[in-house]
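Residue 117 in the working numbering sits at position 117 of the sequence shown, and the numbers go up by one each step. Just so it is clear, CB atoms sit at the ideal spot from N, CA and C, and this is done for glycine as well. In this text, all values refer to a predicted model and were calculated from it rather than measured experimentally. The next block holds one structure in the form of structure tokens; read it before the comments.
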Amino acid sequence: MAEELEATRERLAVAQQRAHALEDSRRELVAFLSHDLRTPLAGLRALAEGLEDDVVEDKTAALRQMRQTVDRMTSLVGDLFEMSRLHAPATNGVATGRSMVSLLELAHDVTSELDAHARRRDVHLRLDSGSTDDRLPVRGNSDELARALTNLVGNAVRHTPAGGTVVVVTDRVDDGRIEVAVTDGCGGIAHGDLHRVFDVGWRATPERGTRDDAGAGLGLAIAKGVIEAHAGSIAVQNVRGGCRFGVLLPSESGPPTT
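Spelled out as structure tokens, the structure:
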């Protein structure tokens with residue numbers, strides 16, 4: 001009886017720690033989002049007042065800046081909606097609208113779309129494939145998988161300094177699963193922070209909301225949610241000069257799992 005009571009006490013203590021950690025994470029996210037929304041809103045207000053008072057000389061540039069700010073805020077709201085959808089009880093973290101998807105073609109599409117963004121930052125973005133004959137088929141939602149991969153590659157490009165390289169590798173591992181690995185040149189993440197990389201709202205740098213392309217820290221959390229909803233796994237590790245984000249997904253044509 002004493003052993004059972006002690007085991008129950010330990011389980012309750014662990015559950016309480018998890019609840020506190022979740023509440024802390026939620027408070028941190030609300031604080032971060034409040035800052036991320038307040039800053040661009042203040043900028044929009046200042047531009048709107050300047051246009052209203054006719055004190056803005058370059059009205060075309062001001063309107064362009066307003067549109068870019070609205071685009072960033074729209075992206076933020078979209079990330080919040082995606083996080084809410086991934087954690088909704090109705091979906092229970094399961095991907096909907098599944099069909100056969102070629103991870104090889106998906107990786108090619110994503111890298112092609114982000115290539116111009118990488119070149120503007122003077123970052124070389126390269127796609128390597130183990131075999132062009134293997135289309136690396138998986139069953140899933142192509143839009144969700146594209147968003148997850150876009151978040152991973154975009155994050156890698158954003159944190160790689162000018163002159164650096166981001167490499168996306170697609171291949172089939174020995175057990176038949178499909179692997180997509182994204183390696184950047186960010187210089188690495190502090191060992192004590194590696195376990196927080198996929199936490200909602202977490203960022204490696206303390207300066208939040210000071211860069212034009214700074215997001216709300218939801219991109220990697222969304223990628224993790226999407227991958228896990230497809231019965232896959234995602235992990236990060238430090239490598240020479242940067243980080244490697246590895247995604248493993250079950251293959252539709254791979255050997256059965258026992």
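Work out the CA separation of residue j and residue i for me, nearest whole Å.
i      : j      : result
Asp199 : Val55  : 43 Å
Thr8   : Val14  : 10 Å
Leu47  : Leu114 : 30 Å
Gly187 : Arg240 : 8 Å
Val259 : Asn155 : This structure leaves residue 259 out entirely; the chain is present only between 1 and 258.
Val110 : Asp193 : 28 Å
Val180 : Thr150 : 12 Å
Val173 : Arg147 : 23 Å
Gln237 : Gly185 : 12 Å
Arg208 : Ser233 : At Arg208 the pLDDT is 32, less than 50, meaning the model places this residue with poor confidence; the figure from the coordinates comes in the next sentence. Using only the alpha carbons, I get a separation of about 28 Å.
Leu127 : Asp171 : 11 Å
Glu52  : Gln68  : 19 Å
Glu252 : Asp133 : 16 Å
Leu218 : Gln16  : 25 Å
Ala2   : Arg18  : 24 Å
Arg196 : Ala116 : 30 Å
Asp58  : Glu228 : 48 Å
Leu12  : Leu5   : 10 Å
Glu49  : Ala42  : 11 Å
Ala262 : Gly164 : Limits of the chain in this structure are 1 at one end and 258 at the other, which puts residue 262 out of reach.
Gly140 : Arg98  : 4 Å
Thr60  : His20  : 49 Å
Ser271 : Val70  : Here the chain has residues from 1 to 258 only, and residue 271 is not among them.
Taking Cβ positions, are residue i and residue j nearer each other than 8 Å?
i      : j      : result
Met142 : Val101 : A quick correction: the sequence has Ser, not Met, at residue 142. Going by C-beta atoms, Ser142 is nearer than 8 Å to Val101.
Val157 : Leu136 : no
Glu144 : Val226 : yes
Pro250 : Ala231 : yes
Leu152 : Val182 : yes
Ala162 : Arg121 : yes
Ile178 : Leu103 : yes
Arg72  : Pro40  : yes
Leu37  : Met66  : no
Val168 : Ala107 : yes
Under a Cβ-count criterion, where at least 16 other Cβ atoms within 10 Å of its own Cβ denotes burial, should residue i be classed as buried or exposed?
i      : result
His159 : buried
Thr74  : exposed
Gly242 : buried
Phe245 : buried
Glu10  : exposed
Glu82  : buried
Asp79  : buried
Lys224 : buried
Val247 : buried
Gly176 : exposed
Ala118 : buried
Val166 : buried
(message) Report the start-end ranges of each beta strand (DSSP E) in the region 216-241 that is 3 residues or longer and not cut off at the edges.
(response) 233-239
(message) To test your reading of the DSSP string, which unbroken beta strand (DSSP E) runs of 3 or more residues are found completely within the region 128-212?
(response) 137-140, 165-172 and 178-183
(message) At 4 residues or longer, what runs of the alpha helix (DSSP H) sit wholly inside the region 35-88?
(response) Counting only runs of 4 or more, we get 59-86.
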